[in-house]
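In numbering that gives the first Met the number 0, the protein residues as written are 0 to 408.
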Amino acid sequence: MDNEIPILQGRHIVVGVTGGIAAYKAADLTSQLVKAGANVDVVMTPAAAEFVRPLTFQALTHRPVALDMFSLLQETEIGHVSLGKRAELMIIAPATANTLAKLAHGMADNMLTTTALACRGPILLVPAMESGMWDNPATLANMDVLQQRGYHAVGPESGRLASGATGTGRMAEPETILDAARWVLGRGGPLSGMAVVVTAGGTREAIDPVRFVGNHSSGKMGFALAFAARDRGADVTLIHGTTSLSGPYGAKIVAVESAEQMQAAVLDSIPGAAGLVMAAAVADYRPTSAAEHKIKKQAEDMCLELTRTPDILATVAGQRARSGHPTVAIGFAAETQDVLENARAKIARKGLDLIVANDVSAADSGFGVDTNRVTIIDAAGRAESLPLMSKAAVAETIIDRLAEILRRP
Ligand code: PMT
Numbered sequence: 000m001d002n003e004i005p006i007l008q009g010r011h012i013v014v015g016v017t018g019g020i021a022a023y024k025a026a027d028l029t030s031q032l033v034k035a036g037a038n039v040d041v042v043m044t045p046a047a048a049e050f051v052r053p054l055t056f057q058a059l060t061h062r063p064v065a066l067d068m069f070s071l072l073q074e075t076e077i078g079h080v081s082l083g084k085r086a087e088l089m090i091i092a093p094a095t096a097n098t099l100a101k102l103a104h105g106m107a108d109n110m111l112t113t114t115a116l117a118c119r120g121p122i123l124l125v126p127a128m129e130s131g132m133w134d135n136p137a138t139l140a141n142m143d144v145l146q147q148r149g150y151h152a153v154g155p156e157s158g159r160l161a162s163g164a165t166g167t168g169r170m171a172e173p174e175t176i177l178d179a180a181r182w183v184l185g186r187g188g189p190l191s192g193m194a195v196v197v198t199a200g201g202t203r204e205a206i207d208p209v210r211f212v213g214n215h216s217s218g219k220m221g222f223a224l225a226f227a228a229r230d231r232g233a234d235v236t237l238i239h240g241t242t243s244l245s246g247p248y249g250a251k252i253v254a255v256e257s258a259e260q261m262q263a264a265v266l267d268s269i270p271g272a273a274g275l276v277m278a279a280a281v282a283d284y285r286p287t288s289a290a291e292h293k294i295k296k297q298a299e300d301m302c303l304e305l306t307r308t309p310d311i312l313a314t315v316a317g318q319r320a321r322s323g324h325p326t327v328a329i330g331f332a333a334e335t336q337d338v339l340e341n342a343r344a345k346i347a348r349k350g351l352d353l354i355v356a357n358d359v360s361a362a363d364s365g366f367g368v369d370t371n372r373v374t375i376i377d378a379a380g381r382a383e384s385l386p387l388m389s390k391a392a393v394a395e396t397i398i399d400r401l402a403e404i405l406r407r408p
């Protein structure tokens, strides 16, 4: 299925729904988790069932919804603690002030709080309430207690609330919750405790205040790499050129424009990093000087003098050789002809561990599209050709290769 997300596939996730107006968004979250391949059980408080009917969640998950602790049938089918014991992750969305207070005090007075108390996996809280309730010292203290005990939290966000007022208390959007769930599940993965720097998108080299030298990179390949590394537990820094994409939850995101700015951001992030993966299309040349004001039309022809930009990958790889810094360096080679020969020349010239040879001449591969066709080449010259895949799947493979290199003694 197109929407499947490897880190969520086959994972047992319990969605706990409490009684707030945002309960309707929990249906969207549940649907997204199911489409991503998770096995989802829903547990509701009686108040939640006043906002959204349990049948909605049952239809989305094809499983019975846990609601009534004292129903003999439910007890046989679900068991009042078995859901919590089985859960690899419990997401409580929305989490009302009332439920947060109960959890902070270890209460187990309904199916949801009982499941949470019995839960052995991580719990992700998604608070949603009026801002006055959120700001209340009692709620803030309850959140502190829960976070000290290891509960994770996403949101609440600021914006228009159910009352019509504006303030902090809106439930995070289902996409954000799903991404935070991936971050939580990725903790303990093969890249846990390791910093990975990823670059994405194209750089823009200013000609004057309104024009630039640029390229067609959308950032999709680099962002997919950042998600894959984050899903494996890495502390990701994503350095990107101009793009409209959103980065992974939990990652440090740095926006830059020019090659020079990208180099500064990479050099700033690289000390101590386990890996650098550069999918960014960095300009090789920039206008020697950018005009202070918009250049006016004059003669028929115009010459632009260009100067080489710094080679970021080669700089990092070179520093590594000098300082013994163990950062694994992975580059891309965007080519339109002699793809493998050119990529092999680049891995040697830049001193990299891996290079991803990317034929950017085909319509379904390279710049802008959601798919890619690449060959991964290692420093010994071994080549692994991948078929046409989604950029997400290509990214998963590249990050798996990074993890394999890091596992080597
Ligand atoms: O962003 P998308 O639309 O998803 O497109 C993805 C992509 C086609 C941009 C990506 O898959 C890709 O191939 N990126 C590398 C593009 C590129 O600049 O290739 P290159 O062969 O010119 O550079 C070789 C390597 O050196 C790259 O890793 C590049 O990031 C790096 N480089 C290049 C120039 C420079 N001054 N400094 C660098 O570090």
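Glycine residues also receive a C-beta, built at the ideal position from the N, C-alpha and C atoms.
Whole-angstrom distance between F366 and T308, CA atom to CA atom: 21 angstroms
I346 CB to nearest heavy atom of ligand 3 below 6 angstroms: The ligand content of the structure shown is limited to ligand 1, which means ligand 3 is not among them.
Beta bridge counterpart(s) of H411 as assigned by DSSP: What the structure shows of the chain is the stretch from 0 to 408, and residue 411 is not part of that stretch, so it cannot be assessed.
Segments of 3+ residues assigned as beta strand (DSSP E) that fall wholly inside the segment 252 to 323: 274 to 277, 284 to 286 and 305 to 307
Exposure label - C118; buried when at least 16 CB within 10 Å: buried
Inter-residue spacing [alpha-carbon to alpha-carbon] between S384 and V373: If you take the alpha carbons of S384 and V373, they lie about 6 angstroms apart.
Counted within 10 angstroms of its Cβ, other Cβ atoms place M301 as buried (16 or more) or exposed: exposed
A392 to A228 span [Cα, whole Å]: 12 angstroms
Whole-number beta carbon distance between G317 and G350, since they are thought to touch under 8 angstroms: 7 angstroms
Contact under 7 angstroms by Cβ, I176 with L28: yes
Straight-line gap, A361 to Q336 (C-alpha atoms, nearest Å): Straight across, the Cα-Cα distance linking A361 with Q336 is about 11 angstroms.
Buried/exposed call for S268, threshold 16 Cβ in 10 Å: buried
Distance, R348 Cα to E87 Cα: A straight line joining the alpha-carbon of E87 with that of R348 spans about 45 angstroms.
Distance cut-off 6 angstroms: I90 Cβ against heavy atoms of ligand 1: no
Cα-Cα separation between L184 and D230, rounded to whole angstroms: 7 angstroms
For F222, three-class secondary structure by DSSP: helix
Reference A107; option with closest CA among G36, V80 and A127: V80
Top-ranked residue by Cα proximity to D399, from V359, S245, V195 and V281: V195
CB contact check: Q147 to chain B, cutoff 7 angstroms: The displayed structure is made up of one protein chain only, and chain B is not part of it.
Residues bridged to A382 (per DSSP): According to DSSP, which records beta bridges pairwise, A382 is partnered with I376.
Test item: CB-CB of A199 and A279 under 7 angstroms: yes
Distance between E291 and S30 (C-alpha atoms, nearest Å): 52 angstroms
F56 in three-state terms, based on DSSP: helix
At least 3 beta-carbon pairs within less than 8 angstroms: the segment 165 to 179 vs the segment 200 to 217: no
Cβ neighbour criterion (16 or more within 10 Å) applied to D363: exposed
7 angstroms Cβ cutoff met for T202 and M110: No, these two residues do not count as a Cβ contact at 7 angstroms.
beta-carbon S216 near ligand 1 non-hydrogen atom, thresh 6 angstroms: yes
Distance cut-off 6 angstroms: T113 Cβ against heavy atoms of ligand 1: no
CB of P53 within 7 angstroms of CB of L32, strictly: Cβ distance not < 7 angstroms, so P53 and L32 don't count as in contact.
Where P93 falls: helix, strand or coil (DSSP): strand
C-beta contact flag for L190 and A225 at 7 angstroms: no
Residue of D283, I294 and T314 minimising C-alpha distance to T306: D283
Boundaries (first-last residue) of the alpha helix (DSSP H) holding E334: According to the DSSP assignment, E334 belongs to no alpha helix (DSSP H) but to the beta strand (DSSP E) extending over V327 to E334.
C-alpha gap between V327 and R285, whole angstroms: 28 angstroms
N357 burial status per 10 Å Cβ neighbour count (16 or more: buried): Buried is the call here.
Ligand 1 heavy atom lying under 6 angstroms from the CB of F413: It is not possible to answer for residue 413, since the shown part of the chain is limited to 0 through 408.
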